[in-house]
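Protein chains in written order, with our numbering: chain A, 98 to 342; chain B, 57 to 301; chain C, 380 to 431; chain D, 2 to 209.
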């Protein structure tokens, strides 16, 4: 039946095993891509004609910002599956996403501020992207806070899952309202992200970093998922068998 | 079973026929009535958020300067920040007592739609906190240097915006049920979701004070209220069910 | 090399950005591995506790 | 007219790591009752709550009139009453107001009916006082009045005799007997055996 893969995904021992086998296949390409991207971004790419070498921050800022959104979406998707089908593994995946997403959102904020100082002359500019990023950071904090606040694990899973789903509905509304607000109070100079003349040597390292970060996320998620699954299933017999053999 | 059955059976009502069941609307009306009655038995709970709102608007002239031009400039922000915080303060009372004494449990088991019953509760909460806030906001605006011609716009903005604040707040209040010392967490969950209301509300107030057209931000506030009305009670009902599990 | 490290005068912004991001990556990797090791340890300890 | 039946099949509930209920099964037809006994932590409350649909059961089924209750939880709720440890009463409302809102939420109830029910359970003298001023036993009696007024086919009662004196415990027994006599069903988690009446009602003993 077409649904068997879905049911197998719901089985913790299966997921534990498969995640363990898959994670190196994502981890090593991620390492190679990120190292290549770093070399390409720092050495091969020519300086931007307007921003000079300062533009090289894009190679860490853009992938971090991409991660912050992608991880949140993944988390909300897993949470929704967990809510609807009461799938424990999905809740474990959502729980595994949060710290990864929060830490990369933090990186996106810091690199954004570091980029802002030479470009805008100030570390913090209330530009819509950075502001949305900051709000996203608070959404992550709220999610983790709620999860930590509820003692009963099942209830914590379901309540935080609901919050993640509510959050994902709200993210576009928040982003839209922040953009709208920014268009009213816009400062004269806004970040000029190398729109003109992005050469291939500039673009390729960026693509490598974006793909590398994505693969890294999958690898991290798989490892964390295994940990979450083990913790949740610590009293069932398969966990012992999996570890002692 | 026992010999006394025949005589006592006459005293208890027969098992109820479906036809005498309360309609969904009737049940919602009763829930609303009960919450209003309860609030009027405890008026101090109503006054506190209002006093808080008045205090915050008083703080700004003292902290900044009593100079009217300066105050007029910050008035929209002050007004909406104060309104947001005051409505947040009132949120803690929304479900807490009902969760404590088993009312929510009975609502969830009543065979009525929990979403509808919670909508009635949120409506009561808005009547008790949002409406007084709406009545007070023009006064606060006057004290911050708004001209009387700006008051209708401000009144309309707070009227519509406070509906959405109550609705959004209900989700956070329901999610944090059963958590001790949930105050800070409740703000962390609710404030990011409430940002669009703050942005559009402050913009409407600003336009009203400068004599501009307030229709566009009011429409956006209205759209948020409609969206909140359709989605927030559903999410709150799901959160209440989770808290009862 | 000196020129490379100087980053056209942007060294004070470029290098901290890279350090922070790579730091976040490294922390995430350590974090993930440690959480798995901890979970395994917990299960082993339980199994040992029940066997004895 | 006999109601039900209520059938519980292979019900299992985990709480985190703890397996609280393991494969519970029984069947109760209209006019029958069931006493749930067992030490603290045996899962009496969990069983009642998962039958009511509050607590999620990972495994097993609850059927009402032959239909899995999860298929239409609201219809099942419309014919069942659950009474938890604490009477679901608002301290700031009077006994009469409490019943008006609690029972009124489900069915239209006349003021005369409210008075009669409060009299039946012996709290008519304090019907107009805020529940806050009532003793724990009196509150329990008000809740019992509400239970009878709901007039539903299925009763799920968690420790209905808590805080009640001998006379009150007898009243609980009598009310349950009436519920059964009119074809209804009653499940009651009990710590102490009910005095008098219900000796014929079967018992389900839950192990710790």
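The beta carbon of each residue, even a glycine, is placed where N, CA and C say it ideally should be.
All of these numbers come straight from a predicted model, not from anything done at the bench.
Spatial distance of residue i from residue j (CA atoms)
| i | j | result |
| --- | --- | --- |
| residue 34 of chain D | residue 239 of chain B | 45 Å |
| residue 67 of chain D | residue 176 of chain D | 26 Å |
| residue 113 of chain A | residue 119 of chain A | 10 Å |
| residue 388 of chain C | residue 303 of chain A | 22 Å |
| residue 391 of chain C | residue 279 of chain A | 28 Å |
| residue 173 of chain A | residue 258 of chain A | 7 Å |
| residue 16 of chain D | residue 39 of chain D | 18 Å |
| residue 290 of chain B | residue 109 of chain A | 31 Å |
| residue 166 of chain A | residue 386 of chain C | 29 Å |
| residue 118 of chain D | residue 139 of chain D | 13 Å |
| residue 172 of chain D | residue 37 of chain D | 19 Å |
| residue 116 of chain B | residue 277 of chain A | 27 Å |
| residue 273 of chain B | residue 263 of chain B | 9 Å |
| residue 108 of chain B | residue 259 of chain B | 23 Å |
| residue 148 of chain D | residue 142 of chain D | 10 Å |
| residue 77 of chain B | residue 109 of chain D | 6 Å |
| residue 416 of chain C | residue 321 of chain A | 10 Å |
| residue 283 of chain B | residue 146 of chain B | 22 Å |
Where residue i falls: helix, strand or coil (DSSP)
| i | result |
| --- | --- |
| residue 47 of chain D | helix |
| residue 162 of chain B | helix |
| residue 131 of chain D | strand |
| residue 179 of chain B | helix |
| residue 186 of chain D | strand |
| residue 290 of chain A | Here residue 290 of chain A scores only 49 on pLDDT, less than 50, and its place in the model should not be relied on; the value that follows carries that caveat. Of the three classes helix, strand and coil, the one that applies to residue 290 of chain A here is coil, per DSSP. |
| residue 95 of chain D | strand |
| residue 331 of chain A | coil |
| residue 252 of chain A | helix |
| residue 107 of chain D | coil |
| residue 147 of chain A | coil |
| residue 69 of chain D | strand |
| residue 107 of chain B | helix |
| residue 77 of chain B | strand |
| residue 407 of chain C | helix |
| residue 194 of chain D | coil |
Span of the beta strand (DSSP E) around residue i
| i | result |
| --- | --- |
| residue 206 of chain D | 204-206 |
| residue 34 of chain D | 34-38 |
| residue 83 of chain D | 81-84 |
| residue 13 of chain D | 7-16 |
| residue 123 of chain D | That residue, residue 123 of chain D, is in no beta strand (DSSP E); it is neither H nor E in DSSP. |
| residue 60 of chain D | 60-65 |
| residue 159 of chain D | 155-159 |
Same chain only: Cβ atoms within 8 Å of residue i, ignoring 5 sequence neighbours per side
| i | result |
| --- | --- |
| residue 80 of chain B | 168, 169, 172 |
| residue 305 of chain A | 130, 131, 133, 134, 137 |
| residue 102 of chain A | none |
| residue 23 of chain D | 13 |
| residue 220 of chain A | 210, 211, 213, 214 |
Delimiting residues of the alpha helix (DSSP H) encompassing residue i
| i | result |
| --- | --- |
| residue 20 of chain D | Where residue 20 of chain D is concerned, there is no enclosing alpha helix (DSSP H), although the beta strand (DSSP E) it sits in stretches over 19-29. |
| residue 381 of chain C | 381-385 |
| residue 272 of chain B | 271-300 |
| residue 243 of chain B | 239-266 |
| residue 136 of chain B | 124-156 |
| residue 75 of chain D | 74-78 |
| residue 182 of chain A | 155-182 |
| residue 217 of chain A | 185-217 |
| residue 212 of chain B | 207-231 |
| residue 232 of chain A | 225-246 |
| residue 188 of chain B | 187-199 |
| residue 152 of chain D | Note, residue 152 of chain D: premise wrong, no alpha helix (DSSP H); not H, not E. |
Contacting residues, own chain, Cβ-Cβ under 7 Å from residue i (five flanking each side not counted)
| i | result |
| --- | --- |
| residue 289 of chain A | Any reading at residue 289 of chain A must be qualified, since the residue scores a pLDDT of 46, below 50, and its modelled position is unreliable; no value is offered. |
| residue 330 of chain A | 109, 336 |
| residue 180 of chain D | 156, 187 |
| residue 180 of chain B | 88, 91, 92 |
| residue 27 of chain D | 9, 35, 205 |
| residue 253 of chain A | 244, 247 |
Cβ shell of residue i (< 6 Å), same chain only, five flanking positions each side left out
| i | result |
| --- | --- |
| residue 63 of chain D | 9, 52, 70 |
| residue 83 of chain B | 168 |
| residue 160 of chain B | 154, 296 |
Heavy atom of the ligand ADP within 7 Å of residue i beta-carbon
| i | result |
| --- | --- |
| residue 175 of chain B | The ligand ADP is absent from the structure shown, which contains no ligand whatsoever. |
Could I get the ranges of all uninterrupted alpha helix (DSSP H) runs contained in the stretch 114-138 of chain A, with 4 residues as the minimum, in chain order? Whole alpha helix (DSSP H) segments, 4+ residues: zero.
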